[in-house]
Amino acid sequence: MDCGLRLPPVIEEVMDAADDLCELKAELPGLGDGLTDKERVSLDDNEEKEEKKMDVGNGEKGLEEEKEVKEEKVEDEERDEKTRLEEEEELEELRAHVVQLMLELEEAREVSQRHEESYNELQGLLEDERLASANQAESFTKQIQRLQAQLRSVQEELDSLEEEKASELWEAQEELRVAQEEVQELQQAAEEAAAERENDIALLQEELCRLRAELERLHNTTQEYELELTTLRAEISMKNQRREEQEQTGEVGQLKDKCRSLMDECQSLRNDNQHLAEKLQLLEQQQQRDREEQDSLKVAEEQAVKSEIYMSILQTEQMDQVEPCLQKNSNENKAVNPEEKIEDLYEVFTLQDQLKQAEERASQVQRECEGLKGELLELQGLYESSQKERAELEAELHRCRAELNRLAGRKAQNSCPPSESPVLSIPFIGMVVIMALIWCCWTERMS
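Per numbering that gives the first Met the number 0, residue 0 is the first one in the sequence shown, and the count goes up by one each step.
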């Protein structure tokens, strides 16, 4: 440095270091921003000190000033030694920091170059994606129009199916009503037949009671006959004794023959009485079975028992021709006509057959009604499922339309940058894919 007065060497070294720092700042204009605040403050303080020293050095014009400078020189040298060491350390640190910043600058340049290359590549990819999304949007709009037309046709088919189901349901309800009326008529007929059958059973029970009374009366008459036979035997024994005493052998033989005949008649009456008791027991057992089973065999067996009773009564009437009372009873019993009872039994059988047929027909009609009800429930289930599917499709269609309107409004209101078009195309693509899946599921269910 050219000055009027030669500066000390320490100050010159400091000035040289400051010049070097200025040159470094000129070469690297952007490195000043990388220094910390503390370093900036230290550099500014050093520059101010150097300027003051230069001003002091330039202002000394005499020996007095030189003496003062020499006096201060010792003190300044000591301070300068310390400051020089500190400044050298700071310079070393600054140089290392500058080198590090240079390296970081090179790395930043390389990274920026790589980013620029990747940016160019991404710009090309975005242009390709924009063109592809535009083509996809056109194809998707065409597909949506085609799907809407198919949806309208499906809706028309659903309306026709609903009308057909409503007509079939009305026909099924009419058939069910007619079947219910027939069932009610059959139930009334069955109730009437059951009432007639109960009346017939009551009449037969009355007839059975009357026959029991007749059997009891016959039993009483047989007991009376036995008493008469015992009296006759006593008389015969007395007559035999008298005839033995009178030794009338001819009359005794006649009396013996008469006694034998009476004994035979008594034995036959006993056999008939026993036979009638057995028949009565069988009749009671048959009545008990008839009460439990109540079928057609009951009436036939009762008629057979009654016919046997009538035959036995007729046989007893033919054998017992001794007493007029027995003949009178036999005439009263003959007044009953068995053919009328057989006709009554035949009518009961026919009524039972009619009742069974009516019950079978009622059960068949009931089964048909249950089948119609099952078909009706199936039709209702199909109708409800179709309604649910239709509602789901309509909701999905409304949602897709709302999404389309929202996207169209967003495109119309906001002019999006080119980099945002692929992002906007993603929900549109998802919406079209969902519609295609829904259509495939619908076609599979309809097939």
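By construction, the Cβ of each residue, glycine as well, lies at the ideal position given by its N, Cα and C atoms. Treat the numbers as computed from the prediction; the structure is a model and nothing was measured.
Backbone CA spacing between residue i and residue j [nearest angstrom]
i      : j      : result
Lys164 : Ser138 : 38 angstroms
Leu146 : Glu126 : 30 angstroms
Ala158 : Gly123 : In the sequence under discussion, the amino acid at residue 158 is Asp, which differs from the Ala named in the question. In a straight line, the C-alpha of Asp158 is about 52 angstroms away from that of Gly123.
Arg151 : Gln144 : 11 angstroms
Ser166 : Gln154 : 19 angstroms
Leu102 : Leu84  : 27 angstroms
Val97  : Glu91  : 10 angstroms
Gln172 : Glu377 : 14 angstroms
His218 : Leu207 : 16 angstroms
Arg108 : Asn119 : 17 angstroms
Ser111 : Glu105 : 10 angstroms
Val73  : Glu89  : 24 angstroms
Asp79  : Glu70  : 14 angstroms
Glu115 : Glu86  : 42 angstroms
Lys81  : Asp75  : 10 angstroms
Arg221 : Arg241 : Position check: residue 221 holds Thr in this sequence, whereas Arg was assumed. Rounded to the nearest angstrom, the two C-alpha atoms are 29 angstroms apart.
Ala394 : Asn404 : 15 angstroms
Gly131 : Lys387 : As written in the sequence, residue 131 is Ala, which differs from the Gly given in the question. If you take the alpha carbons of Ala131 and Lys387, they lie about 37 angstroms apart.
Glu77  : Ser117 : 59 angstroms
Leu231 : Ala192 : 57 angstroms
Arg113 : Leu100 : 20 angstroms
Glu197 : Asn270 : 37 angstroms
Glu234 : Gln266 : 19 angstroms
Glu244 : Arg216 : 42 angstroms
Ala188 : Val182 : 10 angstroms
Met237 : Glu223 : 21 angstroms
Glu156 : Glu170 : 21 angstroms
Gly380 : Ala194 : 44 angstroms
Leu185 : Gln179 : 10 angstroms
Ala133 : Ala148 : 23 angstroms
Arg176 : Arg209 : 50 angstroms
Leu202 : Glu277 : 24 angstroms
Gln135 : Lys141 : 10 angstroms
Glu419 : Glu391 : Confidence at Glu419 is low in this model, with a pLDDT of 40, below 50, so the placement of that residue should be treated as unreliable; the coordinate-derived value is given next. Cα-Cα distance, rounded: 32 angstroms.
Gln204 : Glu174 : 44 angstroms
Asn239 : Gln284 : 47 angstroms
Glu369 : His397 : 42 angstroms
Gly408 : Leu121 : 28 angstroms
Asp199 : Glu359 : 22 angstroms
Arg94  : Glu64  : 38 angstroms
Proximity to residue i [Cα-Cα], best of the options
i      : options                         : result
Gln273 : Leu214, Leu231 and Ala148       : Leu214
Leu281 : Ala95, Glu70, His114 and Arg211 : Arg211
Asp263 : Met237, Asn239 and Leu228       : Leu228
Leu168 : Ala194, Glu391 and Gly373       : Gly373
Glu383 : Glu64, Asn239 and Glu161        : Glu161
For residue i, three-class secondary structure by DSSP
i      : result
Pro421 : Residue placement at Pro421 is poorly supported in this model, since its pLDDT is 42, which falls under 50; the coordinates still yield a value, given next. Three-state result, Pro421: helix.
Leu34  : In this prediction, Leu34 has a pLDDT of 47, which is less than 50 and means its spatial position is unreliable; nothing more can be read from the coordinates.
Arg232 : helix
Min CB distance residue i to chain C below 7 angstroms
i      : result
Val177 : Looking for chain C here will not work: only one protein chain is present.
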